[in-house]
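Undergrad:
In this note's numbering, the protein residues as written are 78 to 301.
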């Protein structure tokens with residue numbers, strides 16, 4: 078099993094971060110380090126990291142810059158990027174190890190909404206899987222990549238949104254960026270709050286505007 082560096086960007090999401098760190102502590106002992114790139118530089122986040130065995134890295138509040146700063150100091154053979162509100166499966170490391178042994182340079186997990194799930198989730202999840210196959214999987218799908226391949230692909234863009242797009246394109250040019258069948262569970266609170274179809278349509282509008290040339294900084298202002 079290669080050594081993994083787990084990298085988690087966080088911005089005022091300490092409760093979810095605490096839960097994720099607890100999950101990681103109960104998985105197989107192949108984590109070389111956990112780095113939390115804290116865009117809020119909060120004392121509460123620092124204390125949770127100290128209690129959860131993670132390295133606290135205060136950063137500017139820009140997700141792409143947070144991820145790049147953490148990757149620059151990471152020492153593991155494989156970099157695994159997780160959002161603070163993710164829930165991971167017990168077989169996550171085995172699935173990544175198997176993909177790497179088959180020659181993949183990295184990959185991503187299958188998107189699945191966490192509980193409470195409602196019926197729109199059963200429609201949106203296969204649609205997201207199709208989008209990932211022909212487009213780009215986003216950072217909430219637990220992207221992982223060999224450390225050397227991460228830098229060869231150019232790393233994350235220094236953007237607040239869509240920061241993983243150049244990385245995934247670069248990785249796919251280098252080798253097999255595998256789609257794992259193993260699930261990663263994505264927090265559904267934003268869909269619950271905004272409405273499942275309204276939130277989905279809003280996300281698609283952001284992606285379309287990005288594809289048409291609107292800068293991530295401008296989109297981030299609208300996203301907030």
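All C-beta atoms in this analysis are idealised placements derived from N, C-alpha and C, irrespective of residue type, glycine included.
Here the structure is a predicted model, which is why all the values come from computation and not from measurement.
1) By alpha-carbon positions, which one of 116, 239, 270 and 160 ends up nearest to residue 281?
2) Output needed for residue 100: all residues of its chain with C-beta closer than 6 Å, excluding positions within five of it in sequence on either side, in chain order.
3) I'd like the ranges of any beta strand (DSSP E) spanning at least 3 consecutive residues and lying wholly in the segment 225-299.
4) With H, G and I counted as helix, E and B as strand and the rest as coil, what does DSSP make of residue 156?
5) What did DSSP end up calling residue 168 once you bin it into helix, strand or coil?
6) Considering only residues of the same chain and omitting the five flanking positions on each side of residue 127, which have a CB-CB separation below 8 Å?
7) How many angstroms separate the CA atom of residue 102 from the CA atom of residue 129?
8) From which residue to which residue does the beta strand (DSSP E) around residue 223 run?
9) Flag this pair as yes or no: are the beta carbons of residue 176 and residue 257 separated by less than 8 Å?
10) List the residues that DSSP assigns as beta-bridge partners of residue 84.
11) Taking all protein chains shown into account, do 16 or more other C-beta atoms lie within 10 angstroms of the C-beta of residue 86, making it buried, or fewer, making it exposed?
12) Go to residue 135, then tell me how far its beta strand (DSSP E) extends in each direction, as first and last residue.
TA: To lay it out plainly:
1) 239
2) The beta carbon of residue 100 is closer than 6 Å to those of 165 in its chain, skipping five residues each way along the sequence.
3) 254-263
4) strand
5) coil
6) Sequence-distant partners of residue 127 (beyond 5 residues in either direction) whose C-beta falls short of 8 Å from its own C-beta, in its chain, are 133.
7) Distance between the alpha carbons of residue 102 and residue 129 is about 8 Å.
8) Annotation: the continuous beta strand (DSSP E) that includes residue 223 extends over 221-223.
9) yes
10) 112 and 158
11) buried
12) 132-135
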